[in-house]
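Chemist: This is the structure I want to talk about, given as structure tokens.
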Amino acid sequence: MLGEIKDKIKFSYLNELKEKDFFSTLDIFFANYLECEKENSAIFLAYLFLISRFGFISLEIKDDNTIYPSLEDLNLDTKDLIDIDVFVKKVILGSKNLSETILYLEDNTDENYPKKPICRFKNFYYLQKNYVFEKKIIKNLKRLENQSPTQIFDEDIFFKTLKNENFLNLEQKKAVENVFFNSISLILGGPGTGKTYVASYLVDILSKSFDLSKKDNFKIAITSFTGKATSHLKSNILKTANNIDLDAKTLHLLLKLKEGKPKVFDEKKLNYDLIIVDEASMLDLKLTAHLLNSIKNGSRVIFIGDPNQLPPIESGNVFAEISTIENIEKVHLKHAKRFENSKIIDLANAIKNTDEKALDEIFSKSDFYDIENISKAKKIILDMAQNNFLESTSKDMQIEDFFSKLKDFIILSSIKKGPFGVDTLNQEIFSLLYNKADLNDYLFVPIIITKNNYNLNLFNGEFGILKIQKTLDGPSKKEAYFKIDDKIQKFEIFYLNSYEYAYSISIHKSQGSEFKNVAIIIPTGSENFGKELFYTALTRSKNEFSIFSTKKILKDLIKVSSFKKSALSI
0 MLGEIKDKIK FSYLNELKEK DFFSTLDIFF ANYLECEKEN SAIFLAYLFL
50 ISRFGFISLE IKDDNTIYPS LEDLNLDTKD LIDIDVFVKK VILGSKNLSE
100 TILYLEDNTD ENYPKKPICR FKNFYYLQKN YVFEKKIIKN LKRLENQSPT
150 QIFDEDIFFK TLKNENFLNL EQKKAVENVF FNSISLILGG PGTGKTYVAS
200 YLVDILSKSF DLSKKDNFKI AITSFTGKAT SHLKSNILKT ANNIDLDAKT
250 LHLLLKLKEG KPKVFDEKKL NYDLIIVDEA SMLDLKLTAH LLNSIKNGSR
300 VIFIGDPNQL PPIESGNVFA EISTIENIEK VHLKHAKRFE NSKIIDLANA
350 IKNTDEKALD EIFSKSDFYD IENISKAKKI ILDMAQNNFL ESTSKDMQIE
400 DFFSKLKDFI ILSSIKKGPF GVDTLNQEIF SLLYNKADLN DYLFVPIIIT
450 KNNYNLNLFN GEFGILKIQK TLDGPSKKEA YFKIDDKIQK FEIFYLNSYE
500 YAYSISIHKS QGSEFKNVAI IIPTGSENFG KELFYTALTR SKNEFSIFST
550 KKILKDLIKV SSFKKSALSI
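Residue numbers (numbering that gives the first Met the number 0): 0 to 569.
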């Protein structure tokens, strides 16, 4: 059906844009499906669908006759394809000529689920599902902003305990204080600024401040997008507040959301008095909408994260947008203690500030490798891998030793395919190490879970070790090991169906992890991914980093931002 669309395009300009590969078959299908009678409206609809594929929530028609996102915001090279001014005029005209049969105006009714495919809120136009999610977020943010949490703590004890807490600095104490008074608050900061450290002391201080008559009824949930981050936060909190009962669940499990399946909003609220959400930058529009809608009146929710990191793979840039809302209490933690190499902080700041001069200075003092010579760069990368992973064939090391080495070194790439892609590198590194092993030797291969498995308590982003034996018949996979609640558990290989080798992982998958030494690969084709990608990769390192790219790619990259604005920001 989709393959026949080209023959059904009844508008010449729309057909021209399809012929030039500006619009995809899906964009055209969407416009055709809604049966527009006017070409401008068809162009508007195709563009609305296009921007949604790029992760944007809405299309804003501004009062000055410009649009957001613009073609420049999408980082599309359209200079030789179309007349941008003509295109923008057609999009704007199309927004004004939409048929009432497909357009829902917010002031018509207060429907939770409009029955029309296009929705308008002020100057913003949405696909129906994005409108529903964003409206839920806006509504529940206002609800939480305007209400006070139930006070089940003794205020005098709380502030006395906080004042006497010598392990927190002033900005960290302010973050704890915000939680006492507000139903919703944010703890913002880059890696190593002590975000989870503050969360640990927050729970401890609250546990010491209960009104004793209400203590038994207080329930805490800690959650994140990945099981890895959830488990990490739980273990850190229990080191400080070890007398507290915590429910630790991924967001999908907490909200009873099946990945890839729709769910109607449940008006039944979560029975928790405090919900701590870690790695909040990874939350997409749908997850945030369901989470905020599920928080009961009188409860407290804390979002912890770094708004400068990569936005979620799915739609929106919700946490970064929420962090700009003035009425929501927030603290920016600025002092980083995690990094043993000051060049990491300097380069991270240069990336955030789009400072090309500082970038040049740092490159001159860093391990920077130009990848224009592919074979030379690949040899350096494979040599690094051999030096860092060769011990994985050791007969003397225990499984515990391999787990401790998982955090020593990682190769992060911005792409999946090609000579510098994650898939290629993993296969080449495995082959290199396998060929060096003796017959019947075991290789202990780092792996990463790619899909949540609730039955096994293994979650997307979790690192483990796969035991493989070299045999006459080739590699023989034996069993896998994962660390769950600080205990190593063995799993038979036939139970695992969603994992990848993890000598190299994508920069997206690295979020929430840290390593002593990181090799960062940003090859040609990554220029438009945005500065957040480079920043995220760099700040996974605690000690050392090396960069494989070209200076031009990186300078182009830091000029681009993957921030996606919507009506949340107004």
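Idealized CB from N, CA, C, for every residue including glycine.
1) Run through DSSP, which three-state label would Ala-566 get?
2) Assuming Phe-429 contacts Tyr-500 (C-beta within less than 8 Å), just tell me the rounded distance between them.
3) Which of the three DSSP states, helix, strand or coil, is assigned to Asn-542?
4) Using CA atoms only, rank isn't needed, just tell me which of Lys-466, Ile-312, Ile-321, Asn-31 is closest to Ile-136.
5) Taking only three categories from DSSP, how would you classify Phe-419?
6) May I ask you to report which of helix, strand or coil DSSP gives Leu-495?
7) Rounded to the nearest angstrom, how far is the Cβ of Glu-208 from that of Ile-156, given a contact under 8 Å?
8) Could you give the DSSP three-state label for Gln-146: helix, strand or coil?
9) Straight-line CA distance for Lys-506 to Ile-410?
10) Counting Cβ pairs closer than 8 Å, one from the segment 221-228 and one from the segment 166-173, do we hit at least three?
11) Between the C-alpha atoms of Lys-477 and Leu-389, what's the straight-line distance to the nearest angstrom?
12) Within 10 Å of its beta-carbon, does His-231 have 16 or more other beta-carbons around it, so buried, or fewer, so exposed?
13) Any idea what DSSP makes of Ala-536, helix, strand or coil?
14) Can the beta-carbon of Leu-273 be found closer than 8 Å to that of Ile-219?
15) To the nearest angstrom, how far is the alpha carbon of Val-570 from that of Phe-217?
16) Along the chain, where does the beta strand (DSSP E) that runs through Thr-323 open and close?
17) Starting from Asn-235 and walking both ways along the alpha helix (DSSP H), at which residues does that stretch end?
18) Who pairs with Gln-468 in a beta bridge, going by DSSP?
19) Hey, could you find the ends of the beta strand (DSSP E) Lys-248 is sitting in?
20) How many angstroms separate the CA atom of Tyr-534 from the CA atom of Ile-343?
21) Which whole-angstrom value is the C-beta distance of Ile-521 and Ile-350, which I expect to be below 8 Å?
22) Alpha carbon to alpha carbon, what distance is there between Ile-221 and Ala-577?
23) Cα separation between His-251 and Pro-310?
24) Determine the extent of the alpha helix (DSSP H) in which Asp-555 is found, giving its start and end residues.
25) Exposed or buried, what is Asn-270 when buried is set at 16 or more other beta-carbons lying within 10 Å of its beta-carbon?
26) Grouping DSSP H, G and I as helix and E and B as strand, with all else coil, what is Phe-157?
Modeler: According to the structure data:
1) On the sequence shown, residue 566 is found 567 positions in, with the first residue counted as 1. Ala-566 falls in the helix class under three-state DSSP.
2) Reading the sequence shown from its first residue, position 430 is the one you call residue 429. Reading the sequence shown from its first residue, position 501 is the one you call residue 500. That belief holds up - the Cβ atoms of Phe-429 and Tyr-500 are roughly 6 Å apart, short of 8 Å.
3) Within the sequence shown, numbered from 1, the residue matching residue 542 stands at position 543. If DSSP states are grouped into helix, strand and coil, Asn-542 belongs with the strands.
4) For the purposes of this step, residue 136 is taken as the residue at position 137 of the sequence shown. Among Lys-466, Ile-312, Ile-321, Asn-31, the Cα nearest to that of Ile-136 belongs to Ile-321.
5) Looking up residue 419 in the sequence shown gives position 420. In the structure shown, Phe-419 sits in coil (DSSP, three-state: anything other than H, G, I, E or B).
6) In the sequence shown, counting from the first residue as 1, residue 495 sits at position 496. When DSSP states are grouped into helix, strand and coil, Leu-495 belongs to the coil group.
7) Within the sequence shown, numbered from 1, the residue matching residue 208 stands at position 209. Within the sequence shown, numbered from 1, the residue matching residue 156 stands at position 157. Note that residue 208 corresponds to Ser in the displayed sequence, not to Glu. Between Ile-156 and Ser-208 the Cβ distance is about 5 Å, and since that is below 8 Å, they are a contact.
8) Counting from one through the sequence shown, the residue named residue 146 turns up at place 147. If DSSP states are grouped into helix, strand and coil, Gln-146 belongs with coil.
9) Translated into the one-based positions of the sequence shown, residue 506 becomes position 507. Translated into the one-based positions of the sequence shown, residue 410 becomes position 411. Checking the sequence shown, residue 506 turns out to be Ile, not Lys. Answer to the nearest angstrom: the Cα atoms are 9 Å apart.
10) no
11) For this step, residue 477 is matched to residue 478 along the sequence shown. For this step, residue 389 is matched to residue 390 along the sequence shown. Their backbone Cα atoms lie some 19 Å apart in a straight line.
12) Here residue 231 refers to the residue found at position 232 when the sequence shown is read from its first residue. It counts as buried.
13) Mapped onto the sequence shown, residue 536 falls at position 537. Looking at Ala-536 - three-state DSSP - the assignment turns out to be helix.
14) Looking up residue 273 in the sequence shown gives position 274. Looking up residue 219 in the sequence shown gives position 220. For Leu-273 and Ile-219, yes; Cβs fall inside 8 Å.
15) Since the first residue of the chain shown is 0 and the last is 569, residue 570 is not available in this structure.
16) Reading the sequence shown from its first residue, position 324 is the one you call residue 323. It is not in any beta strand (DSSP E) - Thr-323 carries neither H nor E in the DSSP assignment.
17) Position 236 of the sequence shown, counting from 1, holds the residue named residue 235. From DSSP, the alpha helix (DSSP H) with Asn-235 extends over 226-239.
18) Within the sequence shown, numbered from 1, the residue matching residue 468 stands at position 469. According to DSSP, Gln-468 bridges with Tyr-441, Ser-475.
19) Indexing the sequence shown from 1 puts residue 248 at position 249. Note, Lys-248: beta strand (DSSP E), 245-249.
20) Within the sequence shown, numbered from 1, the residue matching residue 534 stands at position 535. Within the sequence shown, numbered from 1, the residue matching residue 343 stands at position 344. So the alpha carbons of these two residues sit roughly 10 Å apart.
21) As a working note, residue 521 is residue 522 in the sequence shown. As a working note, residue 350 is residue 351 in the sequence shown. Not a contact, Cβ separation roughly 12 Å.
22) For the chain, the structure presents residues 0 to 569; residue 577 sits outside this window and is missing.
23) Here residue 251 is taken as the residue at index 252 of the sequence shown, counted from 1. Here residue 310 is taken as the residue at index 311 of the sequence shown, counted from 1. About 18 Å.
24) For the purposes of this step, residue 555 is taken as the residue at position 556 of the sequence shown. Its alpha helix (DSSP H) spans residues 550-556.
25) Indexing the sequence shown from 1 puts residue 270 at position 271. Label assigned to Asn-270: exposed.
26) Taking the first residue of the sequence shown as 1, we reach residue 157 at position 158. In the three-state scheme derived from DSSP, where H, G and I count as helix and E and B as strand, Phe-157 is classed as helix.
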